[in-house]
Amino acid sequence: MTCSPSRWFAALAAALLALPAWGQTDPCAAKSFEDRLLKRYTVDACWKGDAALRKRFEGVTRGFAGKDAEALTWLDLARGQLRAQAAAVQASAGSARQFQDLNDRLGLALTQMDGLRSIDQLGGTDGAQRFPLLQINQWDVDGPPANFGMRHLEEKGCSDKSPPDEACVDAYAAAVELTDHVFVVKKVLSVLREPEAAAMRAQFAQREARWASYFYDTQFPYWWELAVNRYLEQYCGDAFHGKVGRLLVDEACKRPKEDPAGNPLEWREPPRYRAIFLHPDIGLQYLRDEPRGERFKPALVFQWFGYQWWDWKEDKATDVRALSLVSTVADAATQKRHGFGVQVRWKGFAVALTRHGSELAVTLNLMLVDRMTELDEEWSAKLKRLKD
Amino acid sequence: MHVIFLVHGMGSSTPGWSKRAQDILRKHYKPEKYAFLGDFAFDAHFAFEEINYNNIFDRYLVEAGKQADKLGRWSKLVDPANQVLNGLLGRVVAAASTPPSKGFLVTHIADVAFFMATDLGEHVKSAVASQIAARLAKGKFDPAKDSWSVIAHSLGTRVMTETLQVGFSAAPGFLSVGKARVLLMAANVSRLLQEIVPPVFNAGDVYRNLVYPSNGPLGVCRHFINATHRLDPFAFIKEFDPPATFGDGNALADGLYHPVKLATSDITDKDVHALEHYLEHPAVHSTLFRYLLPGTGRKQATRQEMEQAMAEYHQATLAAQVTNAWRARLQALKDEQFQKLEEVLGIWEKYGDLLA
Chain A
-10 MTCSPSRWFA ALAAALLALP AWGQTDPCAA KSFEDRLLKR YTVDACWKGD
40 AALRKRFEGV TRGFAGKDAE ALTWLDLARG QLRAQAAAVQ ASAGSARQFQ
90 DLNDRLGLAL TQMDGLRSID QLGGTDGAQR FPLLQINQWD VDGPPANFGM
140 RHLEEKGCSD KSPPDEACVD AYAAAVELTD HVFVVKKVLS VLREPEAAAM
190 RAQFAQREAR WASYFYDTQF PYWWELAVNR YLEQYCGDAF HGKVGRLLVD
240 EACKRPKEDP AGNPLEWREP PRYRAIFLHP DIGLQYLRDE PRGERFKPAL
290 VFQWFGYQWW DWKEDKATDV RALSLVSTVA DAATQKRHGF GVQVRWKGFA
340 VALTRHGSEL AVTLNLMLVD RMTELDEEWS AKLKRLKD
Chain B
31 MHVIFLVHGM GSSTPGWSKR AQDILRKHYK PEKYAFLGDF AFDAHFAFEE
81 INYNNIFDRY LVEAGKQADK LGRWSKLVDP ANQVLNGLLG RVVAAASTPP
131 SKGFLVTHIA DVAFFMATDL GEHVKSAVAS QIAARLAKGK FDPAKDSWSV
181 IAHSLGTRVM TETLQVGFSA APGFLSVGKA RVLLMAANVS RLLQEIVPPV
231 FNAGDVYRNL VYPSNGPLGV CRHFINATHR LDPFAFIKEF DPPATFGDGN
281 ALADGLYHPV KLATSDITDK DVHALEHYLE HPAVHSTLFR YLLPGTGRKQ
331 ATRQEMEQAM AEYHQATLAA QVTNAWRARL QALKDEQFQK LEEVLGIWEK
381 YGDLLA
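Read top to bottom, the protein sequences are chains A and B. If you read the first sequence in this note's numbering, its first letter stands for residue -10, the second for the next number, and so on. If you read the second sequence in this note's numbering, its first letter stands for residue 31, the second for the next number, and so on.
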């Protein structure tokens, strides 16, 4: 059989085309056993390149993807996986003390898991007491999976040895085996923890939205009102602020739990009520005894002290109500300029009733004035002149 | 992937604030400079995530400005108000109708006061927690093989201390995504703020909380790096310098707490307090790289590499526009009294004047 020049040319071209592939560096190659181990789990292509590990990993993922709490299939799977991991860890525990600890924890956890009939049993105080080792945070394993294998390599003096080193081939194989176990255990943990992680994300997002609503969907708090309210919340409970809360919204403010050093152990939730303190605003006042044409006047409305409260609808403060003691000050000609009384507020509309000498004045906040001008054109023209 | 959250300090930070800090870390992350980095390319293994919370203070100040403007338009009512209760009412109205200034005290110190003494601090913490949780969500982060770390600066150190404290003690919480690998605190003011805030605003105890490094299930991170510059007036006052009993009592003994104290001579920028100024220093970024890499932290920069890096750094020190007179004025701040809140604020204001 002869080789024509064209066939030689084709073969040469094919070889040249293949060159880039030869030139590409292997993403999993490394100078030392330790670096190679590091890459195994940090570069996706490396651990996925290991058929056995990929198969186990996919088995876990697939099993949990179809989890069904009612049928307990995912629990069965977790039970099986953890048993397998515990056995594997036990078999190779001599090389790392932490593996023994992990093994002990997993072994006890498995015993408790056998008594578990439903995932719901894990929740609440009762669940925490009955199944302490099944509280997922007890199963923490130390850092990236490769750390375990790296310790083993260190113990065997193989960390910096290059792959052809005969003495370290076995140590590397053992390190890989150990680390693979941890990798899969961590995968199981991450899947088991995902419902809690999802709940955390939802709760964090809601809390953030509610705090924003607390400031901007209620009567705007001046900075001194912020400080006073923070102080009141700090000392609520059975104190005055707590009693007001029970009266207004049927719940007292709650100081987050603290450790003995005074560090909070819980988030401070956005309250459903807040004190009003030294809060000035502008309104339009009606005084009947003033000369005709001057009965409506702009007035300063000064809330000395009071409370506002609201309901949470999803992430938003709604149905905001308030009651406060107020002074109103207007440039009255015949009556006392300063009057004292009360103000009620509902959904942003406020009316103050204050006594100015013998006369009772009615003061509307600007939002209510705006609303009224929308309803009556004649009023609109009259009030607009005063406002401007 | 290893996600590195960057948390800003006090002052007017806007989205994109962390770009310079990111560039500095990328610039120094070179195997040619530090051989222990091996062939772990930065962008293939690390991803930055910028955290922003200054918008919460800004929004409040904008709203306060609007309220002030509304009241200010009715100044003719202030005179009659002054006649009520010896002018008390008038004084409150005047305070409410004064728009917030844009000076150093408001842009920096007001942030601190709002965070420590009002519920804006709760809003900030919940926003920061929410941003972190969103980035560590399923699909973007796999706790089985991915890691996360935090670099926090100045007020951000206090924000993160409080966020991690509650985030790891409350359920559902951060334990569901695992502990952070590295917590780097630059210009850590967490203890200072604990000490200067009036006791009514209970600030806990940063040496006896959950925010410590541990190899076990407790704590919030594996490694805690604390960087302090000797001339940084936000960091040297009531410096974060934990005792041997820090955390669970093992953090220091186990070698998981890494203090980095920068000398007074090491200045490459007038703003010694800036995060970028900290990250430029070889002792800071090389320690960070050492513990960011997966592994036990055994691998690190060699003495020769550090000497070379420090030599280059000192060249930059000479090139910096920092005169001896300016340096002396900065040094003089250390000689001031700083036991009381007003004394601390006074030093910070003088520092602001030095930068102006």
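Every residue gets a Cβ at the ideal spot worked out from N, C-alpha and C, and that includes glycine. Small disclaimer: the values here were computed from a predicted structure and weren't measured.
- prompt: Between the segment 159 to 177 of chain B and the segment 269 to 279 of chain B, are three or more C-beta pairs nearer than 8 Å?
  reply: no
- prompt: How would you label A:W335, buried or exposed, when you count the other beta carbons within 10 angstroms and need 16 or more for buried?
  reply: exposed
task: Using a Cβ cut-off of 9 Å, pull out every chain A residue sitting near B:V196, in sequence order please.
output: P245, N252, P253, L254, E255, W256 and R257
message: Can you tell me whether B:E62 is buried or exposed? The criterion is at least 16 other CB atoms within 10 Å of its CB, across all chains shown.
response: exposed
query: Any heavy atom of the ligand COA closer than 7 Å to the Cβ of A:D270?
result: The ligand COA is absent from the structure shown, which contains no ligands of any kind.
query: Would DSSP call B:H311 helix, strand or coil?
result: coil
query: Count the other CB atoms within 10 Å of the CB of B:V219; is the residue buried (16 or more) or exposed (fewer)?
result: buried
- prompt: Between the Cα of A:P253 and the Cα atoms of B:G41, B:Y59 and B:S199, which residue gives the shortest distance?
  reply: B:S199
- prompt: If we call anything under 8 Å between Cβ atoms a contact, is B:P228 one with B:N256?
  reply: no
Cutoff 7 Å; reference B:H58; Cβ partners in own chain excluding five residues on either side: H315
field: Coarse secondary structure for B:W47, derived from DSSP in three states
entry: coil
Interface flag, A:A306 vs chain B, CB-CB below 8 Å: no
task: List the residues that DSSP assigns as beta-bridge partners of B:M215.
output: B:A182 and B:N256
field: Residues near B:R320 by beta carbon distance below 6 Å, same chain, minus five either side
entry: G327 and Q330
query: Hey, A:L353 and A:V340: beta-carbon distance below 8 Å or not?
result: yes
field: CB of A:W298 within 8 Å of CB of A:R281, strictly
entry: no
field: Strand pairing of B:H153, partner residues [DSSP]
entry: Bridge partners of B:H153: none, in fact.
field: Proximity to A:L312 [Cα-Cα], best of A:A321, A:L289, A:E279 and A:Y262
entry: A:Y262
query: What alpha helix (DSSP H) runs, 4 residues minimum, are completely inside the segment 267 to 340 of chain B?
result: 305 to 310 and 312 to 322
query: Taking Cβ to Cβ, would you say A:Y296 is nearer than 8 Å to A:V233?
result: yes
message: Below 8 Å on C-beta distance, what does A:K175 contact in chain B?
response: P173, A174 and K175
field: CB contact check: B:L375 to chain A, cutoff 8 Å
entry: no
query: Nearest CA to the CA of B:L385: which residue from B:R359, B:E372 and B:L371?
result: B:R359
message: Just to make sure I have the definition right: I need the residues of chain A whose C-beta is within less than 9 Å of the C-beta of B:E93. Which are they?
response: F204, Y205 and F209
query: Would B:N239 count as contacting chain A if we go by Cβ distances under 8 Å?
result: yes
query: Does B:L363 have its Cβ less than 8 Å from a Cβ in chain A?
result: no
query: chain B partners of A:D24, CB-CB under 7 Å?
result: G68
field: C-alpha gap between B:Q52 and B:F78, whole angstroms
entry: 7 Å
message: Please classify B:A349 as buried or exposed, where buried requires at least 16 neighbouring CB atoms within 10 angstroms.
response: exposed
Short Cβ contact (8 Å threshold) for B:L262 with B:A293: A quick correction: the sequence has Asp, not Leu, at residue 262 of chain B. Not closer than 8 Å, so no.
query: B:H75 touches chain A at which residues, Cβ-Cβ below 9 Å?
result: T31 and V32
field: Residue(s) in a DSSP beta bridge with A:Q332
entry: A:S313 and A:A341
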